[in-house]
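Under the working numbering, the first residue of the sequence shown carries the number 100, and numbering increases by one thereafter. Please read the structure below before turning to the comments.
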Amino acid sequence: MLQSQLFSKTQKSSREYDSVNATLLTKAGFIDQVMAGVYTFLPLGWRVLNKIENIIREEMDKIGIEVFMPAIVPTELWEQTERIDSVDVLFKVVPANINSKEKNDAEYILNSTHEEVVTPLAKKFNFSYKDFPFAVYQIQTKFRNEARAKSGLLRGREFRMKDLYSFHTSEEDLQDYYHNKVKQAYIKIYDRLGIGEDTVIALASGGDFTKNFSHEFQTKCENGEDWIFFAKSINTYYNREVAPCKVAENLHSKEKFLELKEVFTKNINCIDGLIKFLNLPIEKCVKTVIFENEKHEVIVAALRGDREIDEGKLIKLTNAKTLTLASPETVKKITGAEIGYEGIIHLPRNVKQFYDNSIEHLHNFECGANKTNYHNINVNWGRDVEKPEKFYDFKVAKQGDLHEETEEVYEVFKASEVGNIFQLNTKFTNAIDYTFTDQKGEQKPIFMGCYGIGTTRVMGVIVEKFHDEKGIIWPENIAPFAVHLIGLNLEDRTIFDKAKTVYSKLLREHVEVLFDDRDDVSAGEKFSDCDLIGIPYRVVISKKTGDLLEVKRRGKNEIKIMNMEKFLAFLEKRNK
């Protein structure tokens, strides 16, 4: 491709965005923002995205069949699975004006995911044990009503995704496909995308799909949005949201019991104000939080003052579907106090109580007195409050925490998710009454799995990971072109002809090449654009090079001088 005819151009003066990928992809002419979380993919960006998706497609074709499902569907499909009111990113499609409404005033769902489409689809065709197992996938545009679309391609309102769905006659068969086929296919994909060495499989929350752990493929990245906790002795990675953790034994656990005291703390109902007023370390404070589940049952959760509750862990622990903070009226009914003064002493026995392991070894600690304007200090287990038989883990993990069972200190690093997989089991097949007929003619349940890769997100993560102060550094397999041919001194017809000859020769050898044939741009600007765009190999032709080529690898300082035959041999060797 001739750079002079490229539809898009670099925009080095473009504003800085909230993420590296948005800034560099915009400046380099790969994407253009239409609004927050929505982008046009320009020619360079579209080439990269197609390469990413083709690699994924090639590996998915080995374990599934490609289909293409609609973006908008009837609301009835989502009502049938009872998710229409629970998926908090769901868009609805309605007529935009009166003229459109007069033609058709129906409302539709704009899919954020496709379980509601693929499950009825499968039910139409495959219902005998002979039809199983099977899997279908698509690469399609998704839509999610993100509260704050941010981080460029990492969290958009419109994005591309590959989603694979598998169907099985037993949980054992689902497990085999999940672990032995999908995981291996994903590993191969990330190797081919150039991020395999730094991508790990981490346990994560099942979210809306399942109460079991899901598995995330996380790529180590300094700018990553997730914290990954690694327990080396058992070779297990966890997303922070599910990392089972405990704190080191409290430093004050050897203190003698001090006298329990009730302290007047009028208008001091926040942890920062409390520790300052009482002159206590925050680690000796117990924070009591009261929730209600979907059945309006009250749940009391207590943990150390310097820790935050991980609601996902607490929901799983309490077998709740949802948890909401209790109203001031409920708090007062349970504790007799206003919010901010609740504690763990003298709570009603019929209230479900959960204590985090961060407070198990505390001595002489502080907590609310369950009396407005008062807190207790020097509280101790056994003497002032009955010590629970079991402590739990429902805190947000922090660096320095120990694995709950092995008691080793976690290794912690930042990463970005590049894929996730879930065992749906019978959640959706039960919802639409999809069963199969076994060999005895009996109806049996069907087990499902779903497996996603956000293709546009992967593109953004790769830029976050591979860049320097000059621009993007694309892995070779997904770069928009293999070679960026730079022509200098093109006003000299001899040099121009040499450059055109090299360009033609590369094309004949099926080398993807972007030829910077612009004759009104300085050498400095050409080199700057080349570094910004990030194509793997820069090849320069100028008066200085004569009949040879000046070759430089993006991200490296070494420059090599070689003839065309040697360069082609070099490229062929790299591609093997």
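Each residue gets a CB set at the ideal place from its N, CA and C atoms; glycine is no exception. This structure is a prediction, so every number in the text was calculated from the model and none was measured.
When C-alpha distances from Val495 are compared across Ile408, Lys539 and Leu670, the shortest belongs to Ile408. Going by DSSP, Pro544 is part of the beta strand (DSSP E) stretching over Gln542 to Pro544. Rounded to whole angstroms, the gap between the alpha carbons of Ile370 and Ala234 is 52 angstroms. Burial check for His278: the Cβ neighbour count within 10 Å stays below 16, so the residue is exposed.
At a Cβ-Cβ threshold of 8 angstroms, Phe242 and Ser265 do not count as neighbours. Rounded to whole angstroms, the Cβ separation of Ile162 and Val281 is 7 angstroms, and the two are in contact under 8 angstroms.
By the Cβ-count criterion, Ile594 is buried, with 16 or more other Cβ atoms from all chains shown falling within 10 Å of its own Cβ. Two segments are said to touch when three or more pairs of C-beta atoms, one from each, lie closer than 8 angstroms; by this definition the segment 354 to 362 does not touch the segment 419 to 429. By the CB criterion at 8 angstroms, Asp455 and Tyr491 fall inside the cutoff.
The beta carbon of Lys111 lies closer than 6 angstroms to those of Lys126 in the same chain, with the five residues before and after it left out. In the structure shown, Ala578 adopts coil according to DSSP, grouped into three states. Under the three-state reduction of DSSP output, Asn338 falls in the strand class. Assignment of beta-bridge partners to His314 by DSSP yields Leu302 and Ile520. With a cutoff of 8 angstroms on beta-carbon distance, Thr318 and Val517 are scored as near each other.
Where Phe535 is concerned, the enclosing beta strand (DSSP E) starts and stops at Thr534 to Thr536. Note: Gly548 is bridge-paired with Ser265 and Gln522 in the DSSP secondary-structure output.
When the alpha-carbon of Tyr440 is set against those of Arg556, Arg339 and Cys384, the nearest one is in Cys384. Buried is the label assigned to Ile288, since at least 16 other Cβ atoms lie within 10 Å of its Cβ. Annotated as proximal: Ile151 and Thr554, with beta-carbon spacing under 8 angstroms. Under DSSP, Trp480 takes part in a beta bridge, and its partners are Val484. Here Phe464 is buried: its Cβ has 16 or more other Cβ atoms, across all protein chains shown, within 10 Å. DSSP, read as helix, strand or coil, puts Met159 in helix. Taking each of Ser199, Ser103, Phe190 and Glu271 in turn and checking the Cα distance to Ala246, the smallest one comes out for Phe190.
A distance of 8 angstroms or more separates the beta carbons of Gly295 and Ile577. If you ignore the 5 residues before and after His267, its C-beta comes within less than 8 angstroms of the C-beta of Phe231, Pro232, Leu273, Tyr276, Ile545, Phe546, Met547 and Gly548, all in its own chain and listed in chain order.
For the segment 391 to 427, the full-length alpha helix (DSSP H) segments reaching 4 residues or more read 410 to 417 along the chain.
By the Cβ neighbour-count rule, Leu606 is exposed, with fewer than 16 other Cβ atoms within 10 Å of its own.
Here Phe390 has Ile398, Ala400, Leu422, Thr423, Leu424 and Ala425 as same chain residues with Cβ atoms under 7 angstroms from its own Cβ, once five neighbours each way along the sequence are excluded. For the segment 351 to 381, the continuous alpha helix (DSSP H) assignments of 4+ residues that do not extend past its boundaries occur at 370 to 377, in sequence order. Using a C-beta cut-off of 8 angstroms, the segment 331 to 340 makes no contact with the segment 528 to 537, since fewer than three inter-stretch Cβ pairs fall below that distance. Going by beta carbons, Asn322 and Glu115 fall outside the 8 angstroms limit. Going by DSSP, Leu605 is part of no beta strand (DSSP E) but of the alpha helix (DSSP H) stretching over Arg592 to Arg607.
Rounded to whole angstroms, the Cβ separation of Lys261 and Ile155 is 5 angstroms, and the two are in contact under 8 angstroms.
Linking Arg259 to Tyr138 through their CA atoms gives a straight-line distance of about 11 angstroms.
Comparing C-alpha distances from Ala195 to each of Asp187, Asp204 and Val188 shows the shortest one belongs to Asp204.
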